[in-house]
Structure formats: C-alpha cells, structure tokens
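In order, the protein sequences belong to chains A, B, C and D.
Quick note on numbering: full-length UniProt numbering labels position 55 of the first sequence as 55, and the sequence is numbered without any gaps.
Quick note on numbering: full-length UniProt numbering labels position 30 of the second sequence as 30, and the sequence is numbered without any gaps.
Quick note on numbering: full-length UniProt numbering labels position 159 of the third sequence as 159, and the sequence is numbered without any gaps.
Quick note on numbering: full-length UniProt numbering labels position 45 of the fourth sequence as 45, and the sequence is numbered without any gaps.
Please read the structure below before turning to the comments.
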Amino acid sequence: MPGLRPLTLVAALLLAGSATAQLVPEELVVESLPEKLPPHWVWVNDVAFFNMSDGRAYLIDADTGRFMGMVSGGYSHLKLGIDRRGDRFVVPGTYYSRGTRGERTDVLTFYATKNLEPGSEIILPPKKYSGLPFVGTSNLTDDGRFMIIYNFTPEQSVTVADLERKALVGEFETPGCALIYPVGPRRFMMQCGDGSMQLANLTADGRVTLGGVSKPLWDLDNPATERAVRISESRWMFFTFDSDVIVVDGSGDQPKVVEKWSLVGPKPDGWRLGGLQPSAYHAATGTLYAVMHQGGRETRKDPGQQVWVFDVRTRKKIRQIDLASPATSIAVSEDAKPLLYAAQFGVPSLHVYDALNGQKLRSIDQLGQTLTYIQPAPVGQ
Amino acid sequence: MPGLRPLTLVAALLLAGSATAQLVPEELVVESLPEKLPPHWVWVNDVAFFNMSDGRAYLIDADTGRFMGMVSGGYSHLKLGIDRRGDRFVVPGTYYSRGTRGERTDVLTFYATKNLEPGSEIILPPKKYSGLPFVGTSNLTDDGRFMIIYNFTPEQSVTVADLERKALVGEFETPGCALIYPVGPRRFMMQCGDGSMQLANLTADGRVTLGGVSKPLWDLDNPATERAVRISESRWMFFTFDSDVIVVDGSGDQPKVVEKWSLVGPKPDGWRLGGLQPSAYHAATGTLYAVMHQGGRETRKDPGQQVWVFDVRTRKKIRQIDLASPATSIAVSEDAKPLLYAAQFGVPSLHVYDALNGQKLRSIDQLGQTLTYIQPAPVGQ
Amino acid sequence: MNRLDRIAERLARQAARGISRRGLLARLGGLAAAASVPALPVARAQAQTPKQQPGEKGDPSSCDYWRYCAIDGFLCSCCGGSVSTCPPGTEPSPITWVGTCRNPVDGKDYVISYNDCCGKAACGRCICNRNEGDTPIYQPQGANDLNWCLGTQSGVVYNCSTAVVLGAAS
Amino acid sequence: MNRLDRIAERLARQAARGISRRGLLARLGGLAAAASVPALPVARAQAQTPKQQPGEKGDPSSCDYWRYCAIDGFLCSCCGGSVSTCPPGTEPSPITWVGTCRNPVDGKDYVISYNDCCGKAACGRCICNRNEGDTPIYQPQGANDLNWCLGTQSGVVYNCSTAVVLGAAS
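Right, here's the structure in full:
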C-alpha cells in the first residue's frame, strides 16, 4: 500500500516525540477520488472564451469548497455526459492538429470519476456543434448507453455513439431541427426552426428514426429559447423571451404542450428570466429556480441577482433568493438537502447557497475565466 | 482590385449627396500589411500561462497604438524568429494531438509579415525547451538562414533548421551547456552549468561542431543569469544576481570576458536589476536600458518601476525613466527616434515611452494574459 | 474579488447601456432573411481603406456602435480588422447570422451581417455582447450563440466578429 | 485598468511578502544536489491522507507557506492535490528542481523537491512565484523557469506544482 507510506512515517514520528522531531522524507503520490460523485459535488464548465482551445471543467466539493480536480476538454467542448451512477462520464471535444488550425478531430473521451484519467475514445464526425454549451447540445440516454450530440455545419444532424460498445453508431440527418431533449429511454425531441418540435427514436443499437412532429408550439415573435429544463422523464419546461412557461410532453405520438403559464404574471413590471442556464429544477420537491432581472427582451441573456422559487404544481412563487452577486447559470443539487449553485459568465467564481433558505454558504474562487454550464452530481441511482 | 470596391462605392455615395444618402452594401475583405515591419511596430509574446496551449504573439503599431494582428503559437511557443529584413518570420511551437495530451509535434511555422498566414512547416524533434521564453532559448543566425533552438529533455541539445531549404538539419548534443547566443554569421555561445561558456560553429549546411570552452566566467554564488542582451555582432552583456555587468566576446578561440562593471556601483543601496527581459540595448547610440528595483537577491525576477539608462562606453548612468507602472520586460526600437516598450507579466498592457525623454506616449490594453518577450521590428537591413 | 470581475463589470455595463439607450428593433423575418445572406466574396484590403461610410457616425471600436446591436464576440475593429475587414491571416466565415440595426444618423434600419473571422485563436479584445433581435440557436440565421467559423476552410476556430452592411432593411 | 491587473497585484503582493518576511536562505550546492534528486515513485493517495507533518505549521494553500520558498507556478494544494500529492488524473514529473527552505517550527533547513503535476492544462489557481535560491536555467537542477513536465509520459503540459520534503539540508 504505497499510498499509506506517509501515514506510517507520521506515526513513527509521533512515537519519537514532537520536541525533537525532524521532518521526514515524503513520497509524491497521485490523489484518487470516490468511485461515485457524492451528492454535493458539482462539475462546472469553463469554455475559456478568451483561449478556447483550452476548455476545461472543474470538479468542486460544494460542502467544503475544495477544488477536487479538472478535465481538459479541447476547443468548445460541450457539457460532460455524466452517467446517472456518477461513476463515469464522457467529454465531447474538438482538437486541431496545430492547436487552432490544421486537421480537426472530434472525439468522445471516457473518464472514470475515481481517477479522472482520460481513457478510451470514440472518434466522431468532425461536425459537433461549436458555441455556448446548452442543456440540449448533447445528452446521454437515461441509462447511459448512448451519447447523442447535436451537429451544425450549418447542415443540422445528430451523432450517436454507443458507450457500451465504445463505437460510433452514426450520423443522422434532422429535418431542420436542432438540439436533443431526451423524453424516454430511447427517445428525444428536437426544436425546429418554425416553432414545431420533432420526435426521434433510437433503435436498440442506437440508430435514429424520426417520429411525429408537432404543429408550431409557440409564437415566433415570442419563441421558446434553448435554455430549457427537464422536469420529468417525458417533459421539458421551456421559457419564452417574455418568460412564459411552456411544458412540452414527448411521450405521445408527437410533442404536445401540456402546460402554459407565466413566471412573471399579468403585470411583469419588466421582470424577465435571463442568463445562459437560467433555471434549475429540484425533482424530489417539484421546485423550479429561475434567475430573474428587470429589462427588455434584448436582455434575455443578461445576468440576474434574484432567484425566484416556484412550486410547479401550484405555479406559485413560493420564495425568493437574493443572490450575493449576479448569475448567468444556476443549478440545484438533486438530494434532499439541496444546494443552489450560481455562476456568472466572465467571473471566475462558483457561489454555493442553501437552496431551501437562500443563505449563502461559500464561494469557490479562481475558477478559470468564463464559466458556462453547471452540472450537479446525479443522485439516487 | 476587389479590395478597392468599398472605395468606389463610397465615391458613388458622395456624388449622390449625403443628405439623401443611404448606406450601401459592403464587401467583407481581409486586411493585408506592409511587406516589411515598420520601425515602430513590435511583436509581444503572450505565453497564456493560465491556458498555455493557446500561446500567441500580438503585433502592435506603437505609433498609433493599433493592434495589427496576431499569430497563434501553440503550447509554450518561443519568441518569433524574425528575419532581419522584417518581411518574414518563423514560430517555434509545440502541439498535442489532444490539445493537452496525446502525441507531441514540435514544428517551425513560416509566416510572411504581409499576410500573417501560416505557411510552410519544418517538423522538429519533439524536444524543444518548454518554459519562459528568454533571449537565448532560440535564435536565427544573423542572415536568417538557420534557426537554432535549445532543447531540454533534461538532456541538453540544440536543433538546427535550414530556413532556405525549409528542412531540418538535425539535432546536436551539447556538453552540459544551454541556450544560444549568436556571435557571428555561423557561430554561437552557450552557457554551461559550471559557469563556463562554450563556443559552437555551424558548417555551411548548418551542422553544429563544438568550439573552444572558457574557464568559469563568473562566481557560481553570484552567477550571470540567462536574461542577457546582445551589444555587438560578437558580444553579449550578461548580468549577475547582484547586477554586475559581464561582457563576453565570442569572436576568438574561446569566449572571453572583455568588460566587468556594475549597474549599481559600490553602494547599491538594495538596487537590483529585475524581471524576465530586464534590459534592452540601443545599438546606434550605445545605450543600455535596465529595469531596476530595490530588493534582495530573491527578487531578481521581480518587476521594477525605474529604468536606468547607461552609456555603455563610459559605463555611466546618464538618465532615469520613471515608468508609469512596473515592468518585467522592456525593449527599445532600433531606429534613431527610439521608443521604449514595457510590459509586466500578468498585466495585459504594453506601454510605450519616448526612449529619449522618458515621456509616456500611450498604452495598448486588453493584450491577452501573461506577456513575456517583446520583439521590436528589425531596422536598417 | 477575482481577476475576471472586470470583464463581468464591463459586460454588465454594456448590457446596461444597451437597455437604457436602445429600443427593441424589429426582428428579422427568420428564414426569409437567412435566404438573403450571401456567401461573401473575399478580397484583400489595405489597412488604410476607409472603414465607415459617410452616412454614419460613432466609434467602431466601442460596443455601443450602432452596427453591433446583435453582435456577440470580440470586435474585429480592435483586432487588426474593422467593421468590414478581417484581421490579416484570418479567414472570413462565408455564412453567418444577421441582425437589423437602426443607424442613428439617418434613422433607417439596416441588415447587418456579423461574419466571424476565423483560423486564429480568440483575439480577446473589445468583447461585446448585445442581443437586439437575435434568435435561439434552432433558428440559426439570427443566432449569435453559435460559432459561425464552421463554414471556413480553416475550421471553427474563432478570432473576432465583423458587422457588415448588407443593405437597408425596409 | 484591465482584467488581469488583479493577478499582477497579487503577484506583486506575494513578491513583497517574500521580500519583507524572509531572508535569503543558503543556496543548494548545485550539481551535487541534482544528483540526489530521486526519480520519485508514484502511488495512489486517498484525498484525506494528512498533508502536513506534525513538525510544521501554516497554510499549504498560501504562497507564504514555508515549503514554497523557490516555487513557481500553481499550488497543487489548491488544485485537487496537496504539497505531496498530485491532483487526480495528472502525472507527477519524476525529475524536477529543488530548493532549500527553512521550516519556521524547528528552524532547520530542508531540501524541497518541486515536482510538477502534468498532463492536464494549467490549474490556474493559487499562482505563486518565489525565488529564494533558485538558479538560472543553465543550472537546471535549481531552476524554476523550466517546465519540469518534460520527463513524463504525458508530455510537457503543466497543471500544478508540489513541494515535497526530501530531507534535512544539513
């Protein structure tokens, strides 16, 4: 057990008596991590917008504020594909043979949580979406078997990779539709340019076949954005420019709007949802967290300093959290004592709040340059 | 002349009369630059220490403060190898097949000043020195024919590339000696671990043969650093930890100390040379510029806010420039109306001073993250 | 407080300016506009080519400049290019997103093409994000969250963004 | 004022602290010391392994910590490692530079090995540059301006620096 040698030495030292103690030679070792992500650990994506070929994600223990490790993601990497068991994940990244030019290689890299070492790779078609990472730009199927990645070249398609066989399944065209919103073990929805949504199914071996398409689900003058949040196996909550809520269910023959309400009510007084990852959902309690600010439509990506907390069953605002500093991204841990995570693009800090009472617990500073997507540990599987 | 199309349109617009003018469609074009670097243009290296795979160098017109363009340099690229004619340069860089891991490729990339487009490449042995770029970590021969690069693996060697044939000449071992200080058309000196210096000669086709070696030229308790400055074809000025000046000539059978004096005199009062590129030499006037601060030996890399100006013939301090902000790197333009350039590692600004009267002329801000080596345009050839 | 707070402050200030000074301009008609975006020809300019037309005013290196109403990125005007030129050694993206901005000099709306310049790393200067009338990424023709370098030979590496007048919007 | 000014301020503060609080420790005897640097064996640690010995005090995530007298880089203690452990997924450099630092608890000088941890990009946290007794790069055994990741399988990419006690200097 070479890793314990320092402990043994320390014990010997204690026996010798500290008054005459001299420091003893140490052995340099590499840290290891738990097999699975603990509930209050969280991954934070840094696209390094000023130095994009050096994208990375940071792993934080939000209970202690400790920085636990990182992965390098390449140019414009997307969010991590974290298996629901929390023991492994894949990173979709792009590399160039000469850093910022030359031959492009898109690749999915496997990592184990316990050691964060890059493992196997699946080479992808060099078409991966490049831009800010959103919830729908790539997603695992719920069982972790397939990774589905949105491509934009500007032809739109999706790439499917089989994580069990560690092989590419293929690239599949989409009919003018974008992004991936899983709504079942082998099914996902896409958003289309005319405001409709498209269903797609995966065969047992991961090939994509198109399913039903809805009529336009929102007014193109006040459309739903791509900054959505999943609220059940088959349902996603979308938000329009004017902070209307549109819940779409994908379990039927075609995507269907099952709920429509407003975060800001009939008298919004300028209040608006805003940010890059502006909402979070705590499934166990049916609670929605939404980053709010006051401003016109053109501010819909701007940071907010209030988090409005809604009971999604009653559609009522039940609490409000006043953040210590503005946020463009929030997330909530999945456990029964949830933490609220908040970050602002361009500010290298992750802030941790008690999600139930809104109290600020701590900040983790010196986190890169441009934080985007926050991914809490999966819990309960 | 497609590049002139906007001008033609503007002319048409003027004829139409501005009162009723409507903006006209434009054509997107790519900027070009002069064939040769004007005397007051300057390259500034940014190793991007927080995101090192995205190293770059910025080209600044110091007369206007305009940012003229940039080149990407890869991981831990060294200073540019700028041909004395100012019309072309090579960039020694390192790339990994997976950004921060995978297969390493060291490569010399050719650029023309007029378009800053990456051109031909010479693949190098993957052994290039990685660390802060200093004056001696790579150098062109004075005629621009050969590029000589210091390797450290930790075995020490040099790589020679033939820029005329656009081919690698080879890798050549050095006897425990480091860095490259050219002292003639086909000759350079190296600093060795025991304080001696080693001569090396290049054959007509660029192969390295070792020449004479000196006895130790400085006390290892107060050694000359690698932050040196060239003061003639065959002479380099080195500075010790305690700011002694040691001028070494490499024109003879072995390197020889030809001058020894002190920047700080018999009563230094704590004054010390400091920084990463702490001195600059203006050849036409025989003037030395040295960044000075007060502190112990352990501060020899720290920034200074005073530039002491010496006449190297009389060894007298003739002026002092009080910088507006501290500097770790300085350089002086080579022309008859010299500008003093100053930057501090970790501060994204290049400051421009009149080198003759010390007046601050302008600052160029938002320049990356960690500026290191400053390279003024070559003048007069 | 941390090292990038100033960026955030600048972003916030810029956003605040955008809110206070500008009304929301009419959004482009989606796909129709996309169809009108030309694959731009690429030529060479001398650095001294005039970069503004006579019928406009303002500082093209400021995020407030009228053409930037739906831009997101580093201004080429600060990066060795201009509103209508890419920095030396970069490659313009032939396709891109467009916005509609009102020229305060003549009070008219113009369609602006925000072509990215590509093939060198991020310029890092004059970051500017304004979102007047931009669209979600599933309507890419007006979406500024996408990296539009995708259509270039040199790949998707993004250096800076231009703001080229395509024509009057009316 | 610009976005990285704060880094510079921090660097300057750290440098100032180094000047005021510490005398210049005796420099190592060059090549002899280099010969004594072992090729360190690599093993696995649990994150809760004690990271300090009983005979020392101070905060290993602070640049002021006694072991860091000749360090240059990001402190592994802030990066998922510690003074004697590399962050998960990184590879320790088997060779490196050494310094001699005085432990304020026992007043003794110790040889400290500043092994780099490699194979992931720069951690970017707790940057720390102190230069008590370091050497020019042509005397590499004591030189902190070199990237010591060169000896690893994963290549030269630098993540952070440790400060491992090799033994008493006397």
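Built from N, CA and C at the ideal position, the CB exists for glycine as well.
Less than 6 Å between C-beta atoms, sequence neighbours within five positions excluded: which residues of the same chain meet that for Cys-78 (chain C)?
As a first step, residue 78 (chain C) is located in the third sequence; it is residue number 78 there, counting from the start. Excluding sequence neighbours, Cys-78 (chain C) sits near Ser-61, Arg-125, Cys-126.
Rounded separation between Val-37 (chain D) and Ser-154 (chain D) - CA only
Start at 1 with the first residue of the fourth sequence, and residue 37 (chain D) comes out as number 37. Start at 1 with the first residue of the fourth sequence, and residue 154 (chain D) comes out as number 154. Its pLDDT being 35, under 50, Val-37 (chain D) is placed unreliably in this model, and the coordinates cannot settle the point.
Where Pro-140 (chain C) meets chain A, residues with beta-carbon distance less than 9 Å:
Looking up residue 140 (chain C) in the third sequence gives position 140. Listed by position along chain A, the residues whose Cβ is nearer than 9 Å to that of Pro-140 (chain C) are Phe-152, Pro-154, Gln-156, Ala-178, Gly-193.
Reduced DSSP category for Lys-233 (chain A) - H, G, I as helix; E, B as strand; rest coil
Counting from one through the first sequence, the residue named residue 233 (chain A) turns up at place 233. Reading the sequence as shown, one finds Glu at residue 233 (chain A) and not Lys. It is coil, neither helix nor strand.
Helix or strand or just coil, what does DSSP make of Cys-160 (chain C)?
Here residue 160 (chain C) is taken as the residue at index 160 of the third sequence, counted from 1. If DSSP states are grouped into helix, strand and coil, Cys-160 (chain C) belongs with the strands.
Mapping the DSSP letters down to three states, classify Ser-120 (chain A) as helix, strand or coil.
The residue you call residue 120 (chain A) lines up with position 120 of the first sequence. Three-state result, Ser-120 (chain A): strand.
Identify the contact partners of Arg-101 (chain B) in chain A, using a Cβ-Cβ distance below 8 Å as the criterion.
Position 101 of the second sequence holds residue 101 (chain B). Per Cβ cutoff of 8 Å: Ser-72, Pro-118.
Can you give me the C-alpha to C-alpha distance between Gly-184 (chain A) and Trp-236 (chain A), rounded to a whole angstrom?
For the purposes of this step, residue 184 (chain A) is identified with residue 184 of the first sequence, where counting begins at 1. For the purposes of this step, residue 236 (chain A) is identified with residue 236 of the first sequence, where counting begins at 1. Approximately 12 Å between the Cα atoms of the pair.
Alpha carbon to alpha carbon, how far is Leu-33 (chain A) from Phe-89 (chain A)? Give it in angstroms, no decimals.
As a position in the first sequence, residue 89 (chain A) is number 89, starting the count at 1. As a position in the first sequence, residue 33 (chain A) is number 33, starting the count at 1. Straight across, the Cα-Cα distance linking Phe-89 (chain A) with Leu-33 (chain A) is about 14 Å.
With burial defined as no fewer than 16 other Cβ atoms inside 10 Å of the residue's Cβ, what is the status of Arg-313 (chain A): buried or exposed?
Within the first sequence, numbered from 1, the residue matching residue 313 (chain A) stands at position 313. It is exposed - the Cβ of Arg-313 (chain A) has fewer than 16 other Cβ atoms within 10 Å.
9 Å Cβ cut-off: residues of chain A touching Asp-64 (chain C)
Walking along the third sequence from the start, residue 64 (chain C) turns up at place 64. The premise fails here: Asp-64 (chain C) is roughly 14 Å from chain A at the closest Cβ pair, so nothing lies under 9 Å.
Positions along the stretch 209-238 of chain A whose CB lies within less than 9 Å of some CB in chain C:
Taking 9 Å as the Cβ-Cβ cut-off against chain C, the residues of the stretch 209-238 of chain A that qualify are Leu-220, Asp-221, Pro-223, Ala-224, Thr-225, Glu-226, Arg-227.
Would you kindly work out how many angstroms separate the C-alpha atoms of Tyr-353 (chain B) and Asp-311 (chain B), rounded to a whole number?
By one-based count along the second sequence, residue 353 (chain B) stands at place 353. By one-based count along the second sequence, residue 311 (chain B) stands at place 311. Rounded to whole angstroms, Tyr-353 (chain B) to Asp-311 (chain B) spans 19 Å at the Cα level.
Which value, in whole angstroms, describes the spacing of the CA atoms of residue 393 (chain A) and Thr-100 (chain A)?
Not covered by the structure: residue 393 (chain A). The range shown for chain A is 1 to 381.
Who pairs with Asn-139 (chain B) in a beta bridge, going by DSSP?
Position 139 of the second sequence holds residue 139 (chain B). Answer by DSSP bridge pairing, in chain order: B:Ile-148.
For Pro-94 (chain D), the three-state DSSP class (helix, strand or coil)
Mapped onto the fourth sequence, residue 94 (chain D) falls at position 94. DSSP places Pro-94 (chain D) in coil when its eight states are reduced to three.
Can you tell me where the beta strand (DSSP E) with Asp-61 (chain B) in it begins and where it stops?
Position 61 of the second sequence holds residue 61 (chain B). Counting along the chain, Asp-61 (chain B) sits inside the beta strand (DSSP E) bounded by residues 55-61.
Sort B:Met-292, B:Glu-298, B:Ser-333 by Cα distance to Asp-322 (chain B) and report the nearest one.
On the second sequence, position 322 is the one that residue 322 (chain B) refers to. Minimum Cα distance to Asp-322 (chain B) is reached at B:Met-292.
Hey, out of A:Arg-207, A:Gly-250, A:Gly-73, whose CA is closest to Ser-214 (chain A)'s CA?
Here residue 214 (chain A) is taken as the residue at index 214 of the first sequence, counted from 1. When only C-alpha atoms are compared, the closest one is A:Gly-250.
Is there a Cβ of chain D sitting closer than 8 Å to that of Arg-362 (chain A), yes or no?
The residue given as residue 362 (chain A) occupies position 362 in the first sequence. Output row for Arg-362 (chain A): interface = no.
Would Arg-130 (chain D) pass as an interface residue toward chain B - the criterion being a Cβ-Cβ separation below 8 Å?
One-based indexing of the fourth sequence puts residue 130 (chain D) at position 130. Against chain B, the CB of Arg-130 (chain D) has a partner CB under 8 Å away; the residue lies at that interface.
Under three-state DSSP, which class holds Thr-299 (chain A)?
Taking the first residue of the first sequence as 1, we reach residue 299 (chain A) at position 299. Of the three classes helix, strand and coil, the one that applies to Thr-299 (chain A) here is helix, per DSSP.
For Ser-154 (chain D), go through chain B and note every residue whose CB falls closer than 8 Å to its CB, in chain order.
On the fourth sequence, position 154 is the one that residue 154 (chain D) refers to. The contacting residues are Arg-101.
Got a sec: is the Cβ-Cβ distance from Asn-147 (chain C) to anything in chain A below 8 Å?
Position 147 of the third sequence, counted from the first residue, corresponds to residue 147 (chain C). Interface residue, yes.
Listing by chain order, which chain B residues have their CB less than 9 Å from the CB of Arg-98 (chain A)?
Residue mapping note: residue 98 (chain A) aligns to position 98 of the first sequence, counting from 1. Listed along chain B, the residues sitting closer than 9 Å to Arg-98 (chain A) by beta-carbon distance are Ser-72, Gly-74, Gly-93, Tyr-95, Thr-105, Val-107, Thr-109, Pro-118, Glu-121.
With a threshold of 8 Å between beta carbons, is Ser-196 (chain B) in contact with chain D?
Stepping through the second sequence from its first residue, residue 196 (chain B) is reached at position 196. Closer than 8 Å: no.
In whole angstroms, what is the alpha-carbon distance linking residue 177 (chain D) and Phe-74 (chain D)?
Given a span of 1 to 170 for chain D in the structure shown, any question on residue 177 (chain D) remains unanswerable.
Contact with chain B by Ile-95 (chain D), beta-carbon distance below 8 Å
Residue 95 (chain D) sits at position 95 when you count from the first residue of the fourth sequence. With a threshold of 8 Å between beta carbons, Ile-95 (chain D) makes contact with chain B.
Against Val-157 (chain D), what residues of chain B qualify as contacts under a CB-to-CB distance less than 8 Å, listed in chain order?
Residue mapping note: residue 157 (chain D) aligns to position 157 of the fourth sequence, counting from 1. The contacting residues are Met-52, Ser-53, Tyr-75, Tyr-96, Thr-100, Arg-101.
Do Pro-133 (chain B) and Val-208 (chain B) have their C-beta atoms within less than 8 Å of each other?
Mapped onto the second sequence, residue 133 (chain B) falls at position 133. Mapped onto the second sequence, residue 208 (chain B) falls at position 208. At a Cβ-Cβ threshold of 8 Å, Pro-133 (chain B) and Val-208 (chain B) do not count as neighbours.
Cβ of Ser-84 (chain C) less than 8 Å from any chain B Cβ?
Taking the third sequence and counting its residues from 1, one reaches residue 84 (chain C) at position 84. At least one CB atom of chain B sits nearer than 8 Å to the CB of Ser-84 (chain C).
With DSSP collapsed to three states, give me the class of Gln-344 (chain A).
Start at 1 with the first residue of the first sequence, and residue 344 (chain A) comes out as number 344. In the structure shown, Gln-344 (chain A) falls within a coil segment according to DSSP collapsed to helix, strand and coil.
Mark Glu-31 (chain A) as exposed unless 16 or more other C-beta atoms lie within 10 angstroms of its C-beta, in which case mark it buried.
Here residue 31 (chain A) refers to the residue found at position 31 when the first sequence is read from its first residue. By the neighbour-count criterion, in which 16 or more other beta carbons inside 10 Å mark a residue as buried, Glu-31 (chain A) falls on the buried side.
Roughly how many angstroms separate the alpha carbons of Thr-299 (chain A) and Arg-230 (chain B), rounded to a whole number?
In the first sequence, the residue the question calls residue 299 (chain A) occupies position 299. In the second sequence, the residue the question calls residue 230 (chain B) occupies position 230. Cα to Cα, Thr-299 (chain A) sits roughly 55 Å from Arg-230 (chain B).
Per-residue burial, Lys-316 (chain A) [other beta carbons within 10 Å of its own, 16 or more giving buried]
Position 316 of the first sequence, counting from 1, holds the residue named residue 316 (chain A). Around the CB of Lys-316 (chain A), fewer than 16 other CB atoms lie within 10 Å, so the residue is classed as exposed.
Ala-48 (chain B): contacting residues in chain A (beta-carbon distance under 9 Å):
Residue numbering aside, residue 48 (chain B) sits at position 48 when the second sequence is read from its first letter. Within chain A, the residues near Ala-48 (chain B) are Phe-50, Asn-51, Asp-54.
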